[in-house]
Every structure is written in C-alpha cells, then in structure tokens.
Amino acid sequence: MTAAAAPSLAQRGWGGALALALRLTLLIALVLIVVQAALVVQARPQDLITGAKGMADIIRRAMPPDFSELNKIWWPTLETVDIAIFGTVGGVVMALPLAVLAAENVTPSRSLYYAARGIIGFARAVPDLVWALLFVTAVGLGPFPGALALSVHSIGMLGRLFAETIEHMDMAPIDALSLTGARRMQVFSHGIVPSVLPTLAGVTLYRFDENIRSSLVLGFVGAGGIGFELLSAMSLFQYRLVSLYLIVTFVLVIAAERLSALVRARLA
Amino acid sequence: MLRVCDLTMRYPNGKLALAGFNLAVAPGELVVVLGGNGSGKTTLLRCVARMLEPTAGAVWLGDVDLVGLAGERLRQARLPLAMIWQQANLVRRRSVLANAASGTLGRHGGWRTALGGLPPEEVPGAYRCLEQVGLADLAAQRAGTLSGGQAQRVAIARALAQRPRVLLADEPVASLDPEAAHDIMRLLQRLAREQELAVLCVLHQLDLADEYADRVVGIRAGRMVFDVPSGELPREAVRRLYLSEAA
C-alpha cells in the first residue's frame, strides 16, 4: 500500500527534471522579453555618458534659480491648484451617481450597471493628456480644458473605486434600514453614504494629490498652469526660470501629498 | 395581530423549508420559536417580514395579507412590522440617536430625509425610545463605539421608533453574554406587555424561552412540533428538536 501511494524514484526524477526545464524556459522567456523591450526603445547606454556633459551644462545654466520672478509665479501656481480642485470636484460629482449604478449590490438594473461600467471604463482608458488635447480643441487654450480633462479622467478612477467601496460594504445595516420602511433614497443617504463616506473621502483626497501632478503635465499641451509656463521657459532657454518652476512644482506636489496623507489618516 | 396561515416555503434548490406552518401571535404576547439549525426558524421570520416570497400561504398583519404585495404597497403594509437581528445592524458611523430616529423614516417623504436629515418632529420621540431601552445618556455617542448589548438595545429603540404592532426578533441574544441576553429578553417581555406588541422571537436558549416567553413553539423540518405555554415545555419533544434530521 505504501509502495503504491508513494511515487517511484523514477517518477520523482522525471517530475523534478520537468519542473527545472519549466523554470529555465520561464527565465529565458523573461530575458527575451526584457531584451526585445531594450531593442524596441532603442536603448543606448553610451548616450547617457556622452549626454551627461549636456545635462551638466543645462544644470549649470539653471543655477541659481531666478527668484526675482517669484512674484510672477503665484498666478500659474494658483491655476495649477485650481485645475486640480475643479478636476477632482467635477470628477466626484460625476463619479458618485455612476458608482451607485455600477455597484452590483445597489444598482437598480443590470442595463444601467453595464452602461455605468462602460462609461467608467472609457473615462479611465483614455489618458488625461488625450482628454486635454480634445478639450483644448473644443474650448481653446487655458486652464479650463485642463480642468475638464481631469474631471472626465477622474471619473474612471473615482467611479471604479467608489463602486468597489459600495460593493464591499456591510449590507446588513442597509437591509435593516430598508425593513424599517425607509425609501430607496433614504436608505442611500442614511445608510450607504455614512458607511462609505470616510473611504470615499480618502479616495477623493488621493485623487486630488494625483490631479495636482497631472495638472502640471497638462500645461504642456496648452491647458494652463505651471506646466504651460515651464514649457514656455524651456522653449526660450530661460533655464534659471525653469529651475524656479521646478522648485515650486516640487513644493506643491509634496505639500499636496502631505496634506492628503494627513487628512486621510484623520479620516481612517 | 399576526397570523401565519399554511405558510409554505420551497427554495429554488427544491428544499422545503416551511410546510404549511400556522401560528398566531396576539398583542402583548411574546412567542418564542425553538428549533435546530436548518429547521426553518429564520425562514419563517423572513417570510413573515416578506424578505422572502413564500411559495404558498398567508401572512396576516391585522387585516392585511402581506403575501403577494410588492413595491410601495408592501412598504406601506409592512410599516407596523419591525425586526431586530442577531447583530444590531446599526450604521456604525452615525450617532445612537440618529440610528434610533432612522426607524421613523418610513413615515416621512420629502427632500429633508432623502438628503440624510432627520425629521425634527421625530427626534424627541426617538429620544424617548432610547430612554425606554435605558440608553438616553448615550444618544450623542457614535453607534460603532457601543458594546454588543448596548447596540442591540439601540436596534430595539430603532424598532420602537417605527411604532410597530409586531416585532420580529431573529436570535437577538445569540452574540451576547448571558447577563446581556437576560437584559434584552426582559426588555422584550416588558415592551410586549407595556406597548401591546406582538413579539415573535427565534431563540436557541431553552432557559430564556422558559423564563420570558408566554408561549413556546417548536419547529422541526419546517413543521410545527408543539405550541405550548412556556411553563409546560415537553422536554422530550424539545430534545428531539435538536436531533439531526437523520436521527
């Protein structure tokens, strides 16, 4: 009986060899993937060495930062922050109802569920830079297309995370509230919202932090803010101004990240 | 007040959970249902509360049969029926008072309550319900900070705020320590008598049933085995309730 249950030595030998061959194949496949990626991106490590001199030259020309321009930078900074605020608030306003429709446990119908999931998926699939280019074409240059781009793109992330939060909530208090005779809207506002609000607020603050970073980049395609000024300064070879913008950007990103983390910790 | 007539429930998988069950609970009466796991006790309560649609039979709440009703008509008809559960099922991030007052929502439409506000005229009443369960001093506290026994009392206050005529209780003391369990059963008994509530309570604890119930009903395989005053519990029949179906 023992002999029948235990695999023979020969069987184990074959099994071991097969496992080793499988591991080697996986390793070779992984190496091949990395090599093809390096070929496709035309990686040239030697260029890093020859380009170091050029980089050093740019850094030398960027020093010291041009702090005399500090009084002119507050407006693009405010624009950047406001693009992120508008983008986040707009995203929340649109994502919240979509999330309710896209949460399996509270959606009123399957067709609305699939429609909401589709909209959320589409908003997420299109990058914010592409949304910004579309809105620049539609409403012209300036911070407004940037804010619209962030709003629409935020729907993707916020809608999905809001819906998942609602789906994972404890439904027992909701069922209990429904049984008291509360109407659907009352169950939503008295039961669902208070239960998920801290998580939704945390997700929103995280998104705001992300939107601050994104709003900097959106300026490169004409959507206002520090990014737009940064691109202009680079085009005009004003590297001391570029370094000032980069310092302000760094401070802004770190401040948003710290603020977001602080408030999320308080909500937890 | 509550009459269950020939109630039958067969689940989609073919399991017969209730087979022609009959029961009546009068105002002021506390009836305890005893039975083993899978005997049909919870299915009975869920069919009475119309959380499940029975296969056949009737559930009379006063002169209204809840079976067959749906949507707004069911919501309206079910208003005099409140339910408490094994867990308190409170909204943990809201205050004790807000949880108690949420029992009044069914009586109010309009934007204020739809947007999360409480009807101001109901707040004193909700506070009185908390007084009845001995928790008025915790009204401002967040529900998530309460002990199991306290939370269950708030759930009872929420049920009272509903101004019910029938109270269903599904193993309301299952997660409580013995002292808290006696507290809750005493409270249910007192509320039944003082407020003329018809209370139908599912329990596993024979001693609690014997001490607090007016009548005890035994259920096995979806059928009533006995229905007796609490002092006259047939011990052998009770023992058989908890034997497995195969035994």
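Those protein sequences? They're chains A and B, same order as listed.
Under the working numbering, the first residue of the first sequence carries the number 1, and numbering increases by one thereafter.
Under the working numbering, the first residue of the second sequence carries the number 269, and numbering increases by one thereafter.
Using N, Cα and C, we set each Cβ at its ideal position, and we do this for glycine too.
By the 10 Å Cβ neighbour count, where 16 or more other Cβ atoms means buried, how is residue i classified, buried or exposed?
| i | result |
| --- | --- |
| Ser-243(A) | buried |
| Leu-78(A) | exposed |
| Trp-74(A) | exposed |
| Pro-348(B) | buried |
| Trp-379(B) | exposed |
| Thr-137(A) | exposed |
| Leu-18(A) | exposed |
| Asn-105(A) | exposed |
| Lys-53(A) | exposed |
| Ala-265(A) | exposed |
| Asn-281(B) | exposed |
| Lys-309(B) | buried |
| Phe-135(A) | buried |
| His-168(A) | exposed |
| Glu-390(B) | buried |
I need the DSSP call for residue i, collapsed to helix, strand or coil.
| i | result |
| --- | --- |
| Leu-325(B) | According to the sequence provided, residue 325(B) is Gly. The question's Leu does not apply to it. Three-state DSSP puts Gly-325(B) in a strand. |
| Ala-394(B) | helix |
| Leu-270(B) | strand |
| Arg-475(B) | Looking at the sequence provided, one finds Asp at residue 475(B) rather than Arg. DSSP places Asp-475(B) in helix when its eight states are reduced to three. |
| Val-316(B) | helix |
| Val-203(A) | helix |
| Asn-305(B) | coil |
| Gly-288(B) | strand |
| Ser-443(B) | coil |
| Asp-66(A) | coil |
| Ser-214(A) | helix |
| Gly-142(A) | coil |
| Thr-249(A) | helix |
| Leu-436(B) | strand |
| Ser-178(A) | helix |
| Leu-337(B) | coil |
| Gly-486(B) | strand |
| Leu-30(A) | helix |
| Ala-3(A) | Low local confidence applies: a pLDDT of 46 at Ala-3(A) is under 50, so the model's placement there is unreliable, with the coordinate-based value given in what follows. Ala-3(A) falls in the helix class under three-state DSSP. |
| Asp-331(B) | coil |
| Val-470(B) | strand |
| Val-299(B) | strand |
Under 7 Å Cβ-Cβ, which residues of chain C neighbour residue i?
| i | result |
| --- | --- |
| Ala-176(A) | Of the chains in the structure shown, none is chain C; the protein chains are A and B. |
Could you tell me the alpha carbon to alpha carbon distance between residue i and residue j, rounded to whole angstroms?
| i | j | result |
| --- | --- | --- |
| Phe-67(A) | Leu-230(A) | 15 Å |
| Phe-86(A) | Ala-115(A) | 25 Å |
| Gly-91(A) | Ala-84(A) | 10 Å |
| Leu-270(B) | Gly-325(B) | 14 Å |
| Leu-383(B) | Ala-256(A) | 31 Å |
| Glu-164(A) | Ala-103(A) | 7 Å |
| Met-492(B) | Ala-394(B) | 37 Å |
| Pro-440(B) | Thr-323(B) | 27 Å |
| Ala-515(B) | Leu-291(B) | Caution applies to Ala-515(B), whose pLDDT of 44 falls short of 50 and renders its modelled position unreliable; the value that the coordinates give is listed next. Approximately 26 Å, taken between the alpha carbons. |
| Val-31(A) | Asp-47(A) | 23 Å |
| Thr-80(A) | Met-157(A) | 20 Å |
| Gln-42(A) | Ile-28(A) | 21 Å |
| Val-89(A) | Gly-219(A) | 19 Å |
| Gly-482(B) | Gly-159(A) | The sequence shown places Asp at residue 482(B), rather than the Gly named in the question. Taking the straight line joining both Cα atoms gives about 53 Å. |
| Thr-2(A) | Ala-21(A) | Residue placement at Thr-2(A) cannot be trusted, given a pLDDT of 45 that sits under 50; the coordinates are not used to answer. |
| Arg-184(A) | Ala-37(A) | 53 Å |
| Ser-307(B) | Arg-318(B) | 19 Å |
Compare the Cα-Cα distances from residue i to each of the options and report the closest residue.
| i | options | result |
| --- | --- | --- |
| Glu-286(B) | Asp-405(B), Pro-295(B), Ala-294(B), Cys-273(B) | The question names Glu, yet the displayed sequence has Leu at residue 286(B). For Leu-286(B), the nearest C-alpha among the options comes from Cys-273(B). |
| Leu-524(B) | Leu-27(A), Gly-227(A), Thr-180(A), Leu-216(A) | With chain B covering 269 to 515 only, the question about residue 524(B) has no answer from this structure. |
| Leu-197(A) | Met-55(A), Phe-162(A), Glu-104(A) | Phe-162(A) |
| Ala-489(B) | Asn-290(B), Leu-275(B), Gly-303(B), Pro-295(B) | Gly-303(B) |
| Leu-342(B) | Leu-329(B), Gln-354(B), Ile-352(B) | Leu-329(B) |
| Asn-71(A) | Ile-254(A), Leu-241(A), Ile-174(A), Glu-164(A) | Leu-241(A) |
| Ala-442(B) | Leu-501(B), Val-293(B), Leu-471(B), Gln-409(B) | Leu-471(B) |
| Pro-65(A) | Gln-36(A), Val-248(A), Ser-189(A), Leu-96(A) | Val-248(A) |
| Leu-435(B) | Asn-367(B), Trp-353(B), Glu-399(B) | Trp-353(B) |
| Val-152(A) | Ala-172(A), Met-171(A), Pro-127(A) | Pro-127(A) |
| Asp-478(B) | Met-453(B), Gln-463(B), Glu-462(B), Ile-487(B) | Met-453(B) |
| Val-263(A) | Leu-24(A), Ala-149(A), Thr-204(A) | Thr-204(A) |
| Pro-173(A) | Gly-371(B), Gly-288(B), Met-277(B), Val-484(B) | Gly-371(B) |
| Asp-331(B) | Ala-345(B), Met-319(B), Ile-487(B) | Ala-345(B) |
| Gln-430(B) | Cys-469(B), Met-319(B), Met-351(B), Ser-307(B) | Met-351(B) |
| Phe-494(B) | Pro-446(B), Thr-276(B), Pro-295(B), Val-301(B) | Val-301(B) |
| Arg-426(B) | Val-364(B), Thr-413(B), Ala-466(B) | Val-364(B) |
Problem set entry | Interface positions of the segment 297–327 of chain B facing chain A (Cβ-Cβ less than 8 Å), listed along the chain | Ala-317, Met-319
Exercise. Taking a cut of 9 Å between CB atoms, which residues from the segment 417–430 of chain B lie near chain A?
Worked result: Ala-423, Arg-426, Ala-427, Ala-429, Gln-430
Problem set entry | Residues of the segment 192–213 of chain A whose Cβ lies closer than 8 Å to any Cβ of chain B, in chain order | Val-193, Pro-194, Ser-195, Leu-197, Pro-198
Exercise. Along the segment 163–188 of chain A, what residues have a CB closer than 8 Å to any CB found in chain B?
Worked result: Here the close residues are Ala-172, Pro-173, Asp-175, Ala-176, Leu-177, Leu-179, Thr-180, Gly-181, Ala-182, Arg-183, Met-185, Gln-186.
Exercise. Using a Cβ cut-off of 8 Å, which residues of the segment 469–490 of chain B contact any Cβ in chain A, in chain order?
Worked result: none
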